[in-house]
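Residue numbers (this note's numbering), protein chains in the order written: chain A, 1 to 249; chain B, 1001 to 1295.
Even glycine gets a Cβ: it sits at the ideal position worked out from N, Cα and C.
Below: one structure, written as structure tokens.
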Amino acid sequence: MSTAVALESVSMVYGHGRNALLALDQISLTVRTGELVCLVGASGCGKSTLLSLIAGLDRPSGGTVWVDGAGTPGLMFQDPALFPWLSVAGNVELPLKLGRVPQDVRRQRCTELLATVHLSEFARKRPHELSGGMRQRVALARTLALHTPVLLMDEPFGALDAMTRDRLHDELERIWTERGLTIVFVTHNVREAVRLADRVVLLSSRPGRVIWEQVVDLPRPRRIDSPAAAILAAGITDRLRAAVACHDD
Amino acid sequence: MTTDCAPVPLDGTDPGPAGPNVLRTAAGRGISTRGARVWSSVWPKLLAIGSFLAFWQVVVWAEWRPDYILPGPGPVLRQLGHDLTTWELWWAIGTTMRRGLVGFALAAAIGLVVGLAVARNRVLRSAIGSMITGLQTMPSIAWFPLAILLFQITESAILFVIVLGAAPSIANGVIAGVDHVPPLLLRAGRNLGARGIALYRHVIWPAALPWIAAGLKQGWAFAWRSLMAGELLVIIADRPSIGVRLQLSRELVQATNMIATLIVILMIGVLVDVGFTAIDRRLRARRGVLDQTTR
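In structure tokens, the structure reads:
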């Protein structure tokens, strides 16, 4: 099994001197190619910081970040972060345009990507005309347009209602399998992590440290409300509670 | 799929096309609300104009000033109607508008370049950032003695003052726009491969455009005031302009002509404002930051 992402005792400090805040403390993590890893932790544990480091938007204060392949991994946020002045198609085409892909190829790939996320009829709409779930799917198509093997997702479905989220879990799983992607998925929702992940990694908060790992070997396709998933999630939640309690003392 | 993929117009807030039936009802509703919308924005204006004319007439009837100095609305509007049929007025408007547009274009070019430079460069910002705001507070008429020394009684003197008056507002608009680009959009843009110039072209510029448009609108207001002041002070022989008409009617004590000219100035200001407002509306509607119900 080859490695897609490797973090080697990565630390991140914000600020200087007395105000310095240690956000990440010596995190080591390896993600295999084609693996879907969920990072779970309470808010403020530096999950988003970790993704920014892997995406190359920030540099670590210590340690090394290694990502397989050329180009930076695609990054998705809780907010779709669509460009409101562009149509749906314009948003999806932008990374291709920035990558100097010729116009006819761009059109064709945009059409394919919108079909992948079931938004073919909405190409000419503006982001504000879409529902929250549809916007997040446009963001997914836009990130997929980067055509990178690694996808980083920062609580992408955190602001959506449960029904929409369930469907997007199915779609993400399908796209992940079809394209052989490697996904690092951050969430504070343990059930969501168990629904999606090959492996769940628990982070403590302030500073963020890896405290525990759990391989999820439930057969796919999974349901978020299956009894097996619920039992597994309960176990992970207990671990997380214990960690938070320790921290509070 | 049901909740998520339902076409947006069905929820009743957006009159976009979803199918023939929906389109028909949506269009019908659009027209009726547009008529009501026009009327609801027109009647307060008509009422205001009417009350103003009545007040003016009352002052004239009260004989506060002799009527050759303060004529009533009747003679003034008749004079205006007559002036509008003469080529002199249109020539004057042409001269004035040409000066205004040339000066405004120069100011826009300078304001955009300076604004972008200050917005992206920290040293430049601390050096001249506050000076731009300071320049904005400078009454434009105070520049004219210097302008006349530098350029004598020429159009260049007027253009110089227009640029000094308008460029700071435009530069400030650009700076505010760049400062207000949501950081998340910058991160998304960088992650999608926009670096350096591309980040400016594809993310920062379009995100800042509403602020830049507001800066241009304010810049035009300053340019227009500077231009009127300039045309009163810098009078070039054989070149009729709106300012010259004002000055001449004062010298000849033709109050009717003077007030007619003032109304022309006011109308040009209103028309330009309507144009800028339309641009602003379009920008906001495209981005979904215009409330459909109050449009």
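Let's test the definition: count the other Cβ atoms within 10 Å of the Cβ of residue i and tell me whether it reaches 16, buried, or not, exposed.
i                       : result
residue 229 of chain A  : buried
residue 1297 of chain B : This structure cannot settle anything about residue 1297 of chain B, because the visible part of chain B is limited to 1001 through 1295.
residue 53 of chain A   : buried
residue 66 of chain A   : exposed
residue 1092 of chain B : buried
residue 1257 of chain B : buried
residue 1162 of chain B : buried
residue 1172 of chain B : buried
residue 1298 of chain B : There is simply no residue 1298 of chain B to check, as chain B begins at 1001 and stops at 1295 in what is shown.
residue 1082 of chain B : exposed
residue 214 of chain A  : buried
residue 1079 of chain B : buried
residue 1046 of chain B : exposed
residue 192 of chain A  : buried
residue 1287 of chain B : buried
residue 155 of chain A  : buried
residue 1027 of chain B : Reliability of the predicted coordinates at residue 1027 of chain B is poor, the pLDDT of 46 falling under 50, and the value obtained from them is presented with this limitation in mind. Label assigned to residue 1027 of chain B: exposed.
residue 124 of chain A  : exposed
residue 1076 of chain B : buried
residue 177 of chain A  : exposed
I think residue i touches residue j, with their Cβ atoms under 8 Å apart; what is that distance to the nearest whole Å?
i                       : j                       : result
residue 45 of chain A   : residue 208 of chain A  : 5 Å
residue 74 of chain A   : residue 10 of chain A   : Between residue 10 of chain A and residue 74 of chain A the Cβ distance is about 20 Å, and since that is not below 8 Å, they are no contact.
residue 1231 of chain B : residue 1158 of chain B : 7 Å
residue 1071 of chain B : residue 1255 of chain B : 5 Å
residue 1202 of chain B : residue 1194 of chain B : 5 Å
residue 201 of chain A  : residue 39 of chain A   : 5 Å
residue 1085 of chain B : residue 1242 of chain B : 17 Å between Cβ atoms; not a contact.
residue 98 of chain A   : residue 83 of chain A   : Contact doesn't hold; Cβ gap of about 12 Å is too wide.
residue 224 of chain A  : residue 199 of chain A  : Not really, about 17 Å apart at Cβ, beyond 8 Å.
In its own chain, which residues sit with a C-beta less than 8 Å from the C-beta of residue i, not counting the 5 before and 5 after it?
i                       : result
residue 18 of chain A   : none
residue 1280 of chain B : 1210, 1213, 1214 and 1217
residue 167 of chain A  : 133
residue 135 of chain A  : 80, 82 and 127
residue 30 of chain A   : 3, 5, 6 and 7
residue 160 of chain A  : 132, 133, 136 and 168
What does residue i touch in chain B if you count any residue whose Cβ is under 8 Å from its own?
i                      : result
residue 99 of chain A  : 1193
residue 241 of chain A : Per Cβ cutoff of 8 Å: no residues; residue 241 of chain A is ~31 Å from chain B at best.
residue 188 of chain A : In chain order: nothing, as chain B lies at least about 19 Å away.
residue 176 of chain A : Residues of chain B passing the Cβ test: none, with the nearest at roughly 19 Å.
residue 95 of chain A  : 1192 and 1193
residue 142 of chain A : 1192
Note down, in chain order, every chain B residue with its Cβ under 7 Å from the Cβ of residue i.
i                      : result
residue 156 of chain A : Per Cβ cutoff of 7 Å: no residues; residue 156 of chain A is ~12 Å from chain B at best.
residue 72 of chain A  : 1191
residue 57 of chain A  : 1187, 1190 and 1191
residue 195 of chain A : Residues of chain B passing the Cβ test: none, with the nearest at roughly 18 Å.
Look up residue i in the DSSP assignment and say whether it is helix, strand or coil.
i                       : result
residue 121 of chain A  : helix
residue 1068 of chain B : coil
residue 1254 of chain B : coil
residue 1028 of chain B : With a pLDDT of 48 at residue 1028 of chain B, under the threshold of 50, the modelled position of that residue is not reliable, and the figure given next carries that caveat. Three-state result, residue 1028 of chain B: helix.
residue 1194 of chain B : coil
residue 1022 of chain B : Summary for residue 1022 of chain B: the model assigns pLDDT 43, below 50, so the residue's position carries little reliability, and this model does not support an answer.
residue 1242 of chain B : helix
residue 1052 of chain B : helix
residue 1236 of chain B : coil
residue 298 of chain A  : The structure shown does not extend to residue 298 of chain A, since chain A spans only 1 to 249, so no value can be given for it.
residue 1144 of chain B : helix
residue 1087 of chain B : helix
residue 226 of chain A  : coil
residue 78 of chain A   : coil
Report the neighbours of residue i on chain A: residues whose CB is nearer than 7 Å to its CB, in chain order.
i                       : result
residue 1180 of chain B : Those within 7 Å of residue 1180 of chain B in chain A number zero; the least Cβ separation is about 13 Å.
residue 1198 of chain B : 98
residue 1082 of chain B : Correct list: empty, because the minimum Cβ distance to chain A is about 48 Å.
residue 1066 of chain B : Ordered by position in chain A, no residue passes the 7 Å Cβ test against residue 1066 of chain B, which lies about 58 Å from the chain.
Which residues in chain A sit within 8 Å of residue i, going by Cβ to Cβ distance?
i                       : result
residue 956 of chain B  : Absent from the structure is residue 956 of chain B, since the part of chain B shown begins at 1001 and ends at 1295.
residue 1288 of chain B : 84, 126, 127, 128 and 129
Which same chain residues end up closer than 6 Å to residue i when comparing Cβ atoms and leaving out the 5 residues on each side of it in sequence?
i                       : result
residue 92 of chain A   : 110, 113, 141, 142 and 145
residue 69 of chain A   : 149
residue 1053 of chain B : 1073
residue 88 of chain A   : 122, 123, 125 and 138
residue 1226 of chain B : 1140, 1161, 1162 and 1165
Residue i CB to nearest chain C CB: under 8 Å?
i                      : result
residue 172 of chain A : Absent from the structure: chain C. Protein chains present are A and B.
Name the chain B residues whose beta carbon is nearer than 9 Å to that of residue i?
i                      : result
residue 146 of chain A : 1191, 1192 and 1193
residue 212 of chain A : Those do not exist, as residue 212 of chain A stays about 29 Å from chain B at its closest Cβ, beyond 9 Å.
residue 135 of chain A : Chain B residues near residue 135 of chain A: none, gap ~10 Å exceeds 9 Å.
Residues in the same chain with beta-carbon distance under 7 Å from residue i, minus the five sequence neighbours each way, listed in chain order, please.
i                      : result
residue 60 of chain A  : 10, 11, 12 and 53
residue 121 of chain A : none
residue 165 of chain A : 157
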